[in-house]
Amino acid sequence: MSHDARTTATPALRIIPREQHVISRKNISKAALRVLYRLNEAGYQAYLVGGAVRDLLLGGHPKDFDVATNATPDEVKKLFRNSRLIGRRFRLAHVVYGPEIIEVATFRGTGEEEGEGDRHIVDGRIVRDNVWGTIEEDAIRRDFRVNAMYYDISDFSVRDYVGGMQDVENRVLHLIGDPETRYREDPVRMLRAVRLAAKLGFRIDVAAAKPFDELGPLLADAAPARLFDESLKMFLAGHGLKSFHMLEQTGLLKFMFPATARALKRGDKALRSLIEQGLANTDARVAEGKSVTPAFLFAVLLWGEVRDLAHTWITKGQDANVAWERAATHVMAEQCQRVAIPRRFTLTMEEIWALQPRFELVQRKRVFRLMAHPRFRAAFDFLLLRAAESPAIRQLGEWWAHAQQLPHETLAAALSGGAVSVGGAPPNGAAESVAVPKPRKRRRRKPAGKSGSKSDQA
Ligand code: ATP
Ligand code: MG
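Using numbering that gives the first Met the number 0, you'd call the opening residue of the sequence shown number 0 and step up by one each time.
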């Protein structure tokens with residue numbers, strides 16, 4: 000049996016009654032239930048839909064609950080005082096309960112027949128889409144089969160029009176309809192495939208992955224702001240490392256982060272380690288419910304190219320400060336054409352990068368100034384991640400880790416004394432101390448100075 004719903008006039012509907020699925024109202028947010036019941040009592044059809052149904056079927060805890068209905072946005076607005084209409088491309092209602100927002104969308108048609116509303120397709124891409132439709136039509140314009148199931152509040156059954164339940168059982172992502180057509184309509188669906196596969200631990204069906212090579216370049220036309228949102232969902236939602244590996248494997252990384260893909264292709268092992276460790280730490284923080292910042296992670300992803308460019312320009316005789324700044328600006332400009340990283344984050348990223356060479360200048364005044372810098376903590380964490388770059392960087396990280404634990408006077412004395420050991424986090428766990436590095440001229444790396452203090456002051 001074919002599930003290619005697009006080519007089927009009426010998709011085959013399977014209704015899974017309450018006793019045959021695991022979705023319980025206990026796991027649906029109160030706000031979503033209220034919206035569903037209210038719509039239903041007013042005589043409209045009301046379903047929980049999309050990612051929430053999928054995640055509930057998998058035993059997960061959805062972070063947002065979307066509702067689909069045959070009520071129009073205006074009718075929804077009338078029914079809920081606590082609602083507002085949003086969206087240009089798709090008009091929908093947001094029903095607001097305190098911090099929680101329930102998105103209520105009217106069934107959308109496929110645009111193949113005349114209907115209310117309007118749809119504009121330019122070069123195969125949907126640019127505006129407000130065609131109200133039936134639930135069947137709403138199902139088949141969704142992206143993956145697992146995302147096209149409807150939980151019916153009137154009898155607690157799940158309505159499956161395209162074989163989503165089967166895919167949940169087989170842990171696979173199939174696109175609805177012809178993959179190439181669906182990716183041409185909206186290239187971001189390729190990234191959604193990767194992200195959902197990483198998040199759910201599903202595989203991407205062969206037919207759905209096949210067009211990536213050929214159609215990946217279409218991502219160049221995707222809105223950079225949307226790619227930023229998508230990249231946050233990939234990297235900061237607890238499955239960043241997996242998403243990253245899948246982006247690499249599928250060849251899609253270069254369309255989102257060209258500089259990262261280039262640096263990794265040069266065989267930069269240290270960069271790979273930095274990125275993997277950065278992502279693993281972020282995933283761990285998310286799992287512990289701690290906060291995570293996009294700036295740090297984006298700084299990690301782009302570091303290789305910034306560092307290499309800066310080094311190239313410095314080797315050519317450019318002033319180090321200028322070279323670092325230029326490298327940062329250059330890499331950022333290219334990146335933001337793909338993924339629009341908001342200014343508040345790019346500023347932090349540039350600071351994290353700019354502080355890196357300053358860790359190598361271990362002179363009394365500079366050390367204290369650096370420690371007082373508002374971005375010190377992030378920049379120091381970044382330095383630690385760079386440990387794989389060289390033994391010198393690792394040692395530097397250990398030195399700074401230890402220096403921060405010393406009382407101000409001890410550190411000050413140690414730094415003026417030059418050769419005084421302050422005891423560092425011992426490399427390789429050996430019980431040895433790291434000497435205070437001699438102050439060095441800019442760009443020298445080795446932190447371990449072992450002798451005479453006089454020249455240090457020169
Ligand atoms: P999650 O919320 O876990 O990131 P999701 O599947 O819920 O994943 P949303 O972006 O919240 O993703 O989208 C909600 C639903 O809208 C999807 O499940 C899918 O049915 C539909 N959808 C989202 N994006 C697209 C798209 N680009 N093309 C077609 N349908 C889409
Ligand atoms: Mg969702």
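From the three backbone atoms N, C-alpha and C, an ideal C-beta is built for every residue, glycine too.
These figures come from a predicted structure and were not determined experimentally.
Proximity test, residue i beta-carbon vs ligand 1 heavy atom, cut-off 7 Å
i: Asn146; result: yes
i: Arg158; result: no
i: Arg141; result: yes
i: Val34; result: no
i: Arg90; result: no
i: Arg183; result: no
i: Lys232; result: yes
i: Val366; result: no
i: Val94; result: no
i: Arg87; result: no
i: Arg191; result: yes
Distance between residue j and residue i (C-alpha atoms, nearest Å)
i: Val75; j: Val161; result: 27 Å
i: Asp73; j: Gly288; result: 38 Å
i: Ser28; j: Ser156; result: 17 Å
i: Arg191; j: Phe379; result: 33 Å
i: Lys253; j: Ala219; result: 10 Å
i: Trp352; j: Pro61; result: 36 Å
i: Pro438; j: Phe367; result: Because Pro438 carries a pLDDT of 38, less than 50, the predicted location of this residue cannot be relied on, and no value is offered for it.
i: Asn26; j: Gly58; result: 9 Å
i: Ile15; j: Glu168; result: 14 Å
i: Arg442; j: Ala298; result: Unreliable placement is indicated for Arg442, whose pLDDT of 46 sits below 50; the coordinate value is still reported in the next sentence. Going from the Cα of Arg442 to the Cα of Ala298 covers about 21 Å.
i: Gln317; j: Leu308; result: 11 Å
i: Ala262; j: Gly303; result: 6 Å
i: Leu78; j: Arg87; result: 21 Å
Nearest-angstrom beta carbon gap, residue j and residue i [assumed within contact, 8 Å]
i: Val66; j: Tyr46; result: 7 Å
i: Leu172; j: Ile203; result: 5 Å
i: Val330; j: Leu301; result: 5 Å
i: Ala386; j: Ile392; result: 6 Å
i: Leu251; j: Pro293; result: Leu251 to Pro293, Cβ: 19 Å. No contact.
i: Ser242; j: Val187; result: That belief does not hold up - the Cβ atoms of Ser242 and Val187 are roughly 14 Å apart, past 8 Å.
i: Gly237; j: Asp282; result: 6 Å
i: Asp137; j: Arg107; result: 5 Å
i: Arg170; j: Gly200; result: 7 Å
i: Arg13; j: Asp154; result: About 14 Å; that fails the 8 Å criterion.
i: Gln44; j: Ile134; result: 7 Å
i: Leu38; j: Ala70; result: 6 Å
i: Ala402; j: Leu395; result: With 8 Å as the limit, Ala402 and Leu395 do not qualify as a contact, their Cβ atoms being about 10 Å apart.
Minimum Cβ-Cβ distance from residue i to chain C less than 8 Å
i: Gln403; result: The chain labelled as chain C is not found in the depicted structure, where only one protein chain is given.
Residue i beta carbon near ligand 2 (any heavy atom closer than 7 Å)
i: Gly50; result: yes
i: Asp166; result: no
i: Asp380; result: no
i: Asp65; result: yes
Contact check, residue i vs residue j, beta carbons under 8 Å
i: Arg337; j: Met255; result: yes
i: Leu384; j: Phe358; result: no
i: Asp151; j: Leu174; result: no
i: Phe234; j: Leu296; result: yes
i: Ser415; j: Arg342; result: no
i: Thr68; j: Thr109; result: no
i: Glu99; j: His93; result: no
i: Phe211; j: Ile340; result: no
i: Ala332; j: Trp312; result: no
i: Val145; j: Arg17; result: no
i: Leu346; j: His372; result: no
Which residues DSSP lists as bridging residue i, in chain order
i: Trp131; result: Arg107
i: Asp159; result: Arg13, Met148
i: Tyr46; result: Ala67, Asp151
i: Arg83; result: His93
i: Phe143; result: Leu174
i: Glu99; result: Tyr96
heavy atom of ligand 3 below 7 Å from residue i C-beta
i: Arg188; result: Looking at this structure, you won't find ligand 3 anywhere; what it does contain is ligand 1 and ligand 2.
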